[in-house]
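Everything in the sequence shown is counted per full-length UniProt numbering, starting at 1 for the first residue and increasing by one. Take a look at the structure set out below.
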Amino acid sequence: MEELDLIVESVKQDMDAAVKHLDHAFQRIRAGRASTTMVQDVMVEYYGAPTPLNQVANVSVPDAMTISIQPWDRTAINAIEKAIINSNLGFAPSNNGENIILNVPPLTEERRKELAKQAKSETEDTKIVVRNARQNGLKELKKLDGVSEDLIKNIEADIQVLTDKYVKTCDDHLKTKEAEIMKV
């Protein structure tokens, strides 16, 4: 019985991880407003080592269309600017010698649709991971010896209920993100 609980718990953890990954992916998809999460994955070549942007500078959002990056070490300003350009985020950094300003342009209708497609793609990938977690759990159940068929059928049903719940969660997250992207 303990083995059965471990299998279900393992499946649940895998599905939780998939939804967390989806949330992280959605944070990187901009929705028209400036956010520090837009630049959180930028790696700056700092003293020869790739370093996350937030470890070499203070990143803030003074208004809805601007991201301000103030390096703690002024000598790093050119490296930060280069990293932003190379990150393909679509921003043209402006540098006043002390900090870098990124102006977030308003999204066009075409770009909004593109971002919505990207969000849908991320959601579908997450659903695949959720279903794979279900398949792995069912395979583990099949490997067990000495467990009644009724018990296995019940656990399979529980795993299916979990799968349905997590797929619905993914769809709900997508609806929210699409609404956020399409809002002008």
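Beta carbons are placed, not taken as given, at the ideal position from N, Cα and C, and that holds for glycine.
Three-state class that DSSP yields for residue i in the structure shown
i: E124; result: helix
i: Q13; result: helix
Reference residue i, options the options, closest by Cα
i: residue 191; options: Y166, E140, T108; result: The structure shown does not extend to residue 191, since the chain spans only 1 to 184, so no value can be given for it.
i: A17; options: L174, V129, D164; result: V129
i: D14; options: T66, K175, T163; result: T163
i: V61; options: N132, V104, T176, A79; result: V104
i: T66; options: V44, V39, Y46; result: V39
For residue j and residue i, the rounded distance between their alpha carbons
i: I77; j: S68; result: 12 Å
i: V56; j: I85; result: 17 Å
i: L138; j: E156; result: 7 Å
i: R111; j: V147; result: 54 Å
i: C170; j: T126; result: 7 Å
i: K120; j: L174; result: 7 Å
i: L102; j: E124; result: 31 Å
> Taking the runs of the beta strand (DSSP E) that are 3 residues or longer, which of them lie wholly in the UniProt domain "Ribosome recycling factor" (23–182)?
Replying inline: Inside the UniProt domain "Ribosome recycling factor" (23–182), DSSP marks whole beta strand (DSSP E) runs of 3 or more residues at positions 43–46, 49–52, 57–63, 66–71, 100–103, from first to last along the chain.
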